[in-house]
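Presented below is the structure to which this report refers.
Protein chains: 2
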Amino acid sequence: MTDIKSGTNPLFLRTDEIMQAIELLFFAYRDFTGEPDELLAEYSFGRAHHRVIHFVGRHPGITVSELLLILRITKQSLSRVLGQLIREGFIRQTPGPVDRRQRLLKLTTKGQELDDKLFDVQRQRIVRAYKESGAEAVAGFRSVLLNMMEENDRKRFSR
Amino acid sequence: MTDIKSGTNPLFLRTDEIMQAIELLFFAYRDFTGEPDELLAEYSFGRAHHRVIHFVGRHPGITVSELLLILRITKQSLSRVLGQLIREGFIRQTPGPVDRRQRLLKLTTKGQELDDKLFDVQRQRIVRAYKESGAEAVAGFRSVLLNMMEENDRKRFSR
DNA sequence: ATTTTATGTCAGTCATGTTGACTTATCTAT
DNA sequence: ATAGATAAGTCAACATGACTGACATAAAAT
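Going down the list, the sequences are from chains A and B. Here the first sequence is numbered in the UniProt record's numbering, starting from 1 and rising by one per residue. Here the second sequence is numbered in the UniProt record's numbering, starting from 1 and rising by one per residue.
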């Protein structure tokens, strides 16, 4: 409301622009997750498995609690998908060397292969979008998404 | 793989950058949907209801089939949430004036009020991100997301 | 020795997606 | 005029991935 009343409201903050942002996120995210979902279905896995594989792949040796903090789900929810991934040999647990209560999570070779495949389909879509938009647009994309997320998680992206 | 081998691989196409893009989308989308989800919970609604309210609000008089094409869900899935929204007085149906098989969907005043509230929480987050990033970054954000979605839906965003 | 923490598990529920089969009303084309 | 196609709705069964709550075990911290 403040913006609408103000006479100095920049073009990119008009109601119509904000509405478009909402839909851009909806359509882009829908298609961004579409291809991985198809691949995962071949393994009878879902998006939840993807997220676990992704973050374990990115952070080998991550603990269950750390994973829970990132994913913001309950341990019961995580337990189901993580249990499947472990039983089917995609993820391996090893006791923490310092704190033996911890279970450090790592991808097995099989898990690494699936991670690679999943990364590859997403990489192709992103590379295409990045190439078609150019380096400057990519910087803008990064900046807006960073500022859109909770401050707490922005640290992950500092370079 | 092609990119990795190539000597002319721009910085913004490196594996690490692509990986960050994947996580940027995950965290930003998670937080972008978090606040609306809380608001919806007060009405015992979920994200599915939000999407219906949003697209009916944006396209008054939209038909059920058009909505199905946008949302890419089955009519049985839509039926459940749409039925609730109609029974609880958030959406009104009127027979199509030309084709009387169609049910044209519109928000009621009550539906409009919820739509406004939902828009407002999302608007605040986007305005903040946009302001902190600047007009040029916003253009880049738009461009990358547009190129990330299926070509078919890009028409919606032409200006 | 006691308490806290990290993890796991059992049980039940909910939201939202799916497939498949079938109905009704209405429009379109022969 | 009638036959087929289309728009919408419904019933039933099922899967996934969230949730809450209660409880168990092992190891660390106090």
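Virtual Cβ for every residue (Gly too), placed ideally from N, Cα, C.
Assigned secondary structure, residue i (DSSP; H/G/I helix, E/B strand, else coil)
{"i": "P36(A)", "result": "helix"}
{"i": "I53(A)", "result": "helix"}
{"i": "I70(B)", "result": "helix"}
{"i": "Y130(B)", "result": "helix"}
{"i": "T2(B)", "result": "Any reading at T2(B) must be qualified, since the residue scores a pLDDT of 49, below 50, and its modelled position is unreliable; the value itself is stated next. Three-state DSSP puts T2(B) in a helix."}
C-beta atoms of residue i and residue j nearer than 7 Å
{"i": "N152(B)", "j": "A129(A)", "result": "no"}
{"i": "I126(A)", "j": "I18(B)", "result": "yes"}
{"i": "R47(A)", "j": "L71(A)", "result": "no"}
{"i": "L24(A)", "j": "L145(B)", "result": "yes"}
{"i": "G111(A)", "j": "F90(A)", "result": "yes"}
{"i": "A137(A)", "j": "S143(B)", "result": "yes"}
{"i": "E150(B)", "j": "D120(A)", "result": "no"}
{"i": "Y29(B)", "j": "Y43(A)", "result": "no"}
Straight-line gap, residue i to residue j (C-alpha atoms, nearest Å)
{"i": "R101(A)", "j": "P95(A)", "result": "7 Å"}
{"i": "E35(A)", "j": "Q122(A)", "result": "8 Å"}
{"i": "E66(B)", "j": "T74(B)", "result": "12 Å"}
{"i": "H59(A)", "j": "L69(B)", "result": "38 Å"}
{"i": "H49(A)", "j": "L78(A)", "result": "9 Å"}
{"i": "V64(A)", "j": "F12(A)", "result": "41 Å"}
{"i": "G83(B)", "j": "P97(A)", "result": "55 Å"}
{"i": "E113(A)", "j": "R154(A)", "result": "29 Å"}
{"i": "E132(B)", "j": "F55(A)", "result": "28 Å"}
{"i": "Q124(B)", "j": "E88(B)", "result": "28 Å"}
{"i": "D99(A)", "j": "T15(B)", "result": "33 Å"}
Per DSSP, the bridge partner or partners of residue i
{"i": "Q93(B)", "result": "L105(B)"}
{"i": "I62(A)", "result": "L105(A)"}
Neighbourhood of residue i by C-beta, 6 Å cutoff - its chain only, sequence neighbours within 5 removed
{"i": "R92(B)", "result": "K106 and T108"}
{"i": "G57(B)", "result": "L107 and D115"}
Proximity test, residue i beta-carbon vs the ligand GDP heavy atom, cut-off 6 Å
{"i": "K75(B)", "result": "Here there are no bound small molecules, and the ligand GDP is not part of this structure."}
Cut-off 8 Å between Cβ atoms - residues of its own chain near residue i, not counting five sequence neighbours on either side
{"i": "K117(B)", "result": "L39"}
{"i": "I53(A)", "result": "L85, F90, I91, L107, G111, L114, D115 and L118"}
Beta-carbon proximity list for residue i, same chain, < 7 Å, skipping 5 on both sides
{"i": "T33(A)", "result": "R47"}
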